[in-house]
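Asks:
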Amino acid sequence: MSKPRSKARAAARLAAVQALYQMDMESIGVARLLSEFHAHRLGAEIEDAQYAEADIDFFDDLVAGVDARRAEIDALIEAKLGEQWKIGRLDKTMLQVLRAGTYELLARADVPTATVIDEYVDVAHAFFDEKDAKFVNGLLDTVAKEKRA
0 MSKPRSKARA
10 AARLAAVQAL
20 YQMDMESIGV
30 ARLLSEFHAH
40 RLGAEIEDAQ
50 YAEADIDFFD
60 DLVAGVDARR
70 AEIDALIEAK
80 LGEQWKIGRL
90 DKTMLQVLRA
100 GTYELLARAD
110 VPTATVIDEY
120 VDVAHAFFDE
130 KDAKFVNGLL
140 DTVAKEKRA
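Taking numbering that gives the first Met the number 0, the leading residue of the sequence shown gets 0, the next gets one more, and so forth.
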């Protein structure tokens with residue numbers, strides 16, 4: 000994979016997690032959310048921060064795909080949590096990282112497993128400490144072993 004494409008996909012993943020978080024917090028529809036991100040977030044400058052150019056088609060697939068398969072994805076994530084854990088106990092941002100990563104493992108066979116896991120560990124580092132990033136790594140690795148065997 001070329002470096003520009005790799006960076007554009009990494010930016011799309013981070014933006015997708017942010018979009019999914021916004022969708023959950025504001026109960027906003029997918030079409031409106033995608034439109035808002037296309038117009039105002041992806042590749043934009045916000046408060047003197049320049050956002051990287053994102054692979055828009057990849058971003059759209061992640062957000063719409065997670066939304067369309069949310070029940071399946073959530074059931075899969077919850078099955079991988081410990082006995083004492085329910086999905087509702089997860090941090091809202093953490094849940095979006097896991098949803099996007101799980102969707103990509105389920106639906107994007109064109110992306111190597113190691114790439115998916117590494118990329119979402121990187122996304123987790125944007126929001127969380129090392130312990131939480133390792134949790135993302137472990138859960139997505141478990142999903143991958145089951146779904147990409």
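The beta carbon of each residue, even a glycine, is placed where N, CA and C say it ideally should be.
#1: Do you know offhand how far A74's Cα is from D66's?
#2: Does DSSP classify R98 as helix, strand or coil?
#3: If distances are taken between C-alpha atoms only, which option among A148, D23 and A15 comes closest to L41?
#4: Please classify F149: does DSSP put it in a helix, a strand, or coil?
#5: Would you grab the beta carbon distance between L139 and L89 for me? Rounded to a whole angstrom, and I think it's under 8 Å.
#6: If you pair each beta-carbon of the segment 105 to 114 with each one of the segment 18 to 34, do three or more pairs fall below 8 Å?
#7: For K144, which of helix, strand or coil comes out of DSSP?
#8: In three-state DSSP terms, what is I27?
#9: Do you know whose CA, among F58, K130, D131 and A113, lies nearest R147's CA?
#10: The alpha helix (DSSP H) that contains A63, what's its start and end?
#11: Should D128 be labelled buried (16 or more other beta-carbon atoms within 10 Å of its own) or exposed?
#12: How long is the line joining the alpha carbons of L19 and A63, rounded to whole angstroms?
#13: Confirm, please, whether the CB-CB distance from A53 to A11 is below 8 Å.
#14: Pick out whichever of I76, K133 and A7 has its Cα sitting closest to the Cα of Q95.
#15: With DSSP collapsed to three states, give me the class of R107.
Replies: Let's see:
#1: To locate residue 74, count along the sequence shown from 1; it is residue 75. To locate residue 66, count along the sequence shown from 1; it is residue 67. Rounded to the nearest angstrom, the gap between the Cα atoms of A74 and D66 is 14 Å.
#2: Sequence index remark: in the sequence shown, residue 98 carries index 99 (1-based). When secondary structure is reduced to three states using DSSP, R98 falls in the helix class.
#3: Residue mapping note: residue 41 aligns to position 42 of the sequence shown, counting from 1. Distances from the alpha-carbon of L41 to those of A148, D23 and A15 put A15 closest.
#4: Outside the displayed range of the chain (0 to 148) lies residue 149, so it cannot be described from this structure.
#5: Within the sequence shown, the letter at position 140 stands for residue 139. Within the sequence shown, the letter at position 90 stands for residue 89. With 8 Å as the limit, L139 and L89 do not qualify as a contact, their Cβ atoms being about 14 Å apart.
#6: The segment 105 to 114 vs the segment 18 to 34: no contact.
#7: Your numbering for residue 144 matches position 145 in the sequence shown. Here K144 sits in helix by DSSP.
#8: For the purposes of this step, residue 27 is identified with residue 28 of the sequence shown, where counting begins at 1. Here I27 carries a coil assignment [DSSP, helix/strand/coil].
#9: Taking the first residue of the sequence shown as 1, we reach residue 147 at position 148. That would be A113, whose Cα lies nearest to the Cα of R147.
#10: Residue numbering aside, residue 63 sits at position 64 when the sequence shown is read from its first letter. I55 to A67 is the extent of the alpha helix (DSSP H) around A63.
#11: In the sequence shown, residue 128 corresponds to position 129, counting from 1. An exposed status is given to D128, since fewer than 16 other beta-carbon atoms sit within 10 Å of its beta-carbon.
#12: As a working note, residue 19 is residue 20 in the sequence shown. As a working note, residue 63 is residue 64 in the sequence shown. Their Cα atoms are separated by approximately 9 Å.
#13: On the sequence shown, position 12 is the one that residue 11 refers to. On the sequence shown, position 54 is the one that residue 53 refers to. Yes, the pair counts as a contact, with Cβ atoms nearer than the cut-off.
#14: Residue 95 sits at position 96 when you count from the first residue of the sequence shown. Q95 has its Cα closest to that of I76, out of I76, K133 and A7.
#15: If you number the sequence shown from 1, residue 107 lands on position 108. In the structure shown, R107 sits in coil (DSSP, three-state: anything other than H, G, I, E or B).
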